[in-house]
Structures are given as C-alpha cells and as structure tokens.
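One structure below.
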Ligand code: FES
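Numbering (the numbering used here), first residue to last: 6 to 417.
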C-alpha cells in the first residue's frame with residue numbers, strides 16, 4: 006500500500022530535507038556515517054503513556070548529560086556526518102537548555118526536529134526556539150477525543166495540545182502530528198485525520214504500536230484485531246485520495262500482522278545513532294533491552310570510536326552474525342533479518358530471525374498472540390501499567406529478581 010512506513014515512527018527522518026554533509030574523513034571500510042542523530046535529552050516526562058517506547062527501567066538511568074556535554078555530542082556527530090537531528094525524550098522541553106542546544110545545532114548545520122507532547126511549549130518558548138533556528142515540530146496526540154487522549158496519557162492534556170498545535174502554526178513551523186495507534190483508537194482514525202486537517206498539520210503520522218518498552222508490558226491490552234487494522238487502512242487510503250495534497254498521511258505498519266519483518270533502523274549501526282539522557286550510545290531505540298550488552302557512553306569514548314569501533318555498534322552489522330534461516334535467505338538483503346530487539350524479546354536470542362518473519366520457527370508465537378488478543382475481545386483483564394516512576398521501579402525490581410534467578414546472559 007502506498008506510503009506505508011515500515012518500522013519505528015520515523016517520518017521526520019523520511020521527510021526532512023537533509024543538510025549538506027561535511028566531508029568524510031577515513032571511515033572504516035564498508036561502514037557509512039550516521040545520518041540521523043536522536044538526542045534523548047531526558048527520560049523525565051509529564052505524560053504517562055501506556056505505549057511509551059522508553060525503557061521500563063528508565064528510573065535506573067536518571068543521570069543526564071549537561072549542556073556542554075550535549076554540545077560536544079552534537080559537534081562530534083556532525084563531524085561524523087549526521088545531518089538530521091531529533092530532540093526527544095521523555096519530554097525534551099523538560100530541559101531548560103533546549104533553546105541553547107537548538108541554537109548550537111543550527112550553527113553546526115543540522116536540520117532540527119523537536120519531538121514533543123506539547124506540554125511546556127509556551128508561546129515564549131516557541132518564539133525562542135524559532136529564534137534559535139528550530140526547523141520542525143512533531144506534536145503527539147493520543148486520540149481525537151479528550152476522554153481517550155487523557156486516559157492513555159494518564160493526564161489532562163487534550164485541550165492544551167489543541168492550543169499548542171495552533172501556536173505552532175502561528176509561529177510558522179512545519180508541523181507533524183503523530184498518533185500512536187492500537188485497539189483503543191484505531192476505530193477513530195477518521196476523526197484523528199479530521200483533527201489533523203482542522204489543525205493544519207502538514208503531515209500526519211499514524212504509527213501503529215511497536216511492542217517495546219511500556220508497549221510490550223501492555224501488549225495484551227493494546228494489540229488490535231486484524232479487522233480493526235484493515236478498516237483503519239481503508240479509511241487512511243480514502244483520505245489520502247481526497248486530502249493527500251493538504252496533509253501527507255503516513256501509516257506505520259503494525260509488524261505483528263505482517264509476514265516479513267521490518268528493516269529495523271535501516272540496519273543496525275547503519276544510519277541511526279541514538280544518545281540516551283545519560284550519554285549511552287544506542288544503535289536502536291530499544292537497545293537497552295538487550296541483556297549483557299555493554300552500551301558505550303559518550304562520556305567515556307569519542308563518538309567516532311563508538312560508531313566505527315565499538316563492539317555494540319558492530320555486533321549486528323552486515324550478515325556474518327546471522328543464523329539460519331536468515332543466513333541463507335534470499336531476502337536477507339531486503340529486511341536485514343528484521344529487528345534484533347524483537348528477536349530477543351520474543352525468542353530470548355537477539356541473533357535469531359525476527360519472529361515477525363513467517364520463515365522463523367518462532368513465528369507461530371506472534372500468530373498466537375494476535376489470535377489470543379482477538380479472542381479476548383473487550384474482556385482483557387490485565388490492567389494497563391502506565392509509565393510512571395513507581396511502576397518503573399516496580400518493574401525494575403521484578404526484572405532484577407528474575408535476572409538473579411538466571412545465569413548471566415550474553416547477547417547471542
Ligand atoms: Fe529493532 Fe533494536 S529496535 S534492532
């Protein structure tokens with residue numbers, strides 16, 4: 006289907022015009038530069054979304070780089086060749102120095118995106134961010150209704166988000182509205198699109214939930230039915246045909262319902278470089294999930310060395326790490342074996358084929374999860390666990406207890 010986007014919510018990376026790349030110094034053979042830098046400035050967030058992709062143990066990583074350290078990261082990443090920069094979190098507006106960082110990024114020649122819930126995006130900050138050179142804003146909504154928006158984020162923020170959307174337009178920013186989809190709001194897709202059109206959004210990203218972090222914890226509650234998805238896709242296609250010129254609509258595919266995996270991050274260590282609040286360098290959004298995986302940190306190693314030399318970034322580059330059925334698969338150059346984190350979460354072995362692929366021996370597990378969710382219908386008893394500090398500590402303690410009962414694990 007036209008304009009379906011595989012994988013993580015990454016519309017901005019697809020949309021934004023890249024700034025000119027600087028000259029590349031001697032990159033190691035075969036490894037290109039990072040193109041997209043995601044700066045997760047903080048895990049602090051005023052929202053408590055049930056599908057947040059941040060690690061469930063984020064309270065274990067509360068240390069944050071200071072302003073000077075972040076500026077070093079931006080400079081080093083730009084020297085490496087990164088052109089797109091997303092400021093994310095948590096909620097990046099929780100950082101008082103966001104305007105300073107945007108200004109530095111602008112001077113360095115990045116194309117900058119602010120990925121925000123809108124909470125804290127006052128008229129003053131919008132003006133200051135404009136003056137600092139911010140290029141683009143992605144504003145999240147949870148639904149088109151106040152009731153569901155506020156329920157899913159466990160806040161009262163719907164009205165505020167409406168006001169913020171209007172202010173973003175008044176300040177002349179290009180605006181992406183983002184809405185994560187799941188069984189609660191898939192039936193409202195037409196209303197969500199109407200809301201985006203009424204707000205004058207330039208792009209709408211409808212991102213079906215990817216089951217990592219808090220979304221994985223709440224998977225039994227969030228998984229939609231195939232019928233819901235097909236109905237929503239038909240609605241999206243209808244609106245594309247009638248309103249596609251006004252607002253470009255992206256539909257991030259729900260990979261549990263696919264038969265081939267997403268080309269996650271466009272390849273491990275290929276173009277994406279994430280930096281966590283504490284300076285951990287992340288080859289993908291969910292890399293903290295992988296057990297026994299020593300993530301390099303920008304406070305201890307130059308970014309160039311992290312990108313080209315570190316064990317973490319080289320672990321799943323290329324094809325040598327692959328096991329069967331990926332190793333001899335004639336489609337491996339298409340999907341690159343899918344998602345390492347999903348393989349780990351569902352099979353306990355990160356180097357296994359992504360079970361979304363129907364050639365994977367574990368594919369039946371996903372089929373079963375989807376069937377079980379459909380059979381449970383509205384009667385899903387497991388309560389939603391909202392992202393907040395208390396739940397993070399509880400899940401972290403449970404994970405520690407589970408780990409203590411097992412032998413130490415290596416990423417395999
Ligand atoms: Fe796909 Fe980590 S999220 S490789």
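For each residue, glycine too, the CB sits at the ideal point set by N, CA and C.
Every residue whose Cβ sits closer than 5 angstroms to any heavy atom of the ligand FES is listed here in chain order: 269, 289, 291, 344, 345, 346. For residue 41, the three-state secondary structure derived from DSSP is strand. In the three-state DSSP reduction, residue 70 falls in the coil class, being neither helix nor strand. Residue pairing by DSSP places residue 346 opposite no residue, since no beta bridge is assigned to it.
Under the criterion of beta carbons closer than 8 angstroms, residue 57 and residue 218 qualify as touching, at roughly 6 angstroms. Using a C-beta cut-off of 8 angstroms, the segment 267-286 makes contact with the segment 297-316, since at least three inter-stretch Cβ pairs fall below that distance. With distances taken between CA atoms, residue 336 lies nearest to 264 out of 223, 264, 42, 46. For residue 118, the enclosing beta strand (DSSP E) covers residues 116-121. In the displayed model, residue 305 falls within coil according to three-state DSSP, outside both helix and strand. In the structure shown, residue 185 falls within a strand segment according to DSSP collapsed to helix, strand and coil. Exclusion of the five residues before and after residue 176 leaves 131, 135 as the residues of its chain whose Cβ lies within less than 6 angstroms of its Cβ. At the C-beta level, residue 183 and residue 210 come within 8 angstroms of one another.
Annotation for residue 222: 61, 390, 400 place their beta carbon closer than 8 angstroms to its own, counting only its chain and skipping 5 residues before and after. For residue 257, the enclosing beta strand (DSSP E) starts and ends at 253-257. Apart from sequence neighbours up to five positions away, the residues of its chain that approach residue 234 with a beta-carbon distance below 7 angstroms are 191, 259, 262, ordered along the chain. Straight through space, the alpha carbons of residue 346 and residue 267 are spaced by roughly 12 angstroms.
Sequence-distant Cβ neighbours of residue 344 in its own chain, meaning closer than 7 angstroms and more than five residues away, are 266, 267, 269, 359.
For the pair residue 148 and residue 310, the Cα-to-Cα distance works out to about 42 angstroms.
Under the criterion of beta carbons closer than 8 angstroms, residue 238 and residue 256 qualify as touching, at roughly 6 angstroms. Shortest Cα-Cα distance from residue 137 to any of 305, 36, 103, 388 involves 103.
With respect to the C-alpha of residue 320, the residue from 297, 338, 304, 330 having the closest C-alpha is 297. Under DSSP, residue 280 shares a beta bridge with 44, 286. The residue among 83, 47, 54, 154 with its C-alpha nearest the C-alpha of residue 101 is 47.
Of the candidates 120, 153, 145, the residue whose Cα lies closest to the Cα of residue 139 is 120. Restricting attention to beta strand (DSSP E) runs no shorter than 3 residues, the segment 375-409 encloses none. The Cβ-Cβ distance between residue 349 and residue 295 falls below 8 angstroms. The residue from 372, 353, 405, 398 with its alpha-carbon nearest to that of residue 361 is 372. A distance below 8 angstroms separates the beta carbons of residue 123 and residue 165. Inclusion of residue 194 and residue 143 in the CB contact set at 8 angstroms is not warranted, their separation being larger than that value.
Excluding five sequence positions before and after residue 80, the CB atoms of its chain that fall closer than 7 angstroms to its own CB belong to 113, given in chain order.
Remark: C-beta atoms of residue 98 and residue 126 approach each other more closely than 8 angstroms. Assignment of beta strand (DSSP E) within the segment 171-220, counting only whole runs of 3 or more residues, yields 180-186, 208-213 in chain order. In the DSSP assignment, residue 141 falls outside any alpha helix (DSSP H) and lies within the beta strand (DSSP E) extending over 141-146. Nearest to residue 43 by C-alpha distance, out of 403, 205, 89, 199, is 89.
Relative to the Cα of residue 323, the nearest Cα in the group 203, 329, 341 belongs to 341.
Judged by beta-carbon spacing, residue 50 lies beyond the 8 angstroms limit of residue 91, meaning their Cβ atoms are not closer than that value.
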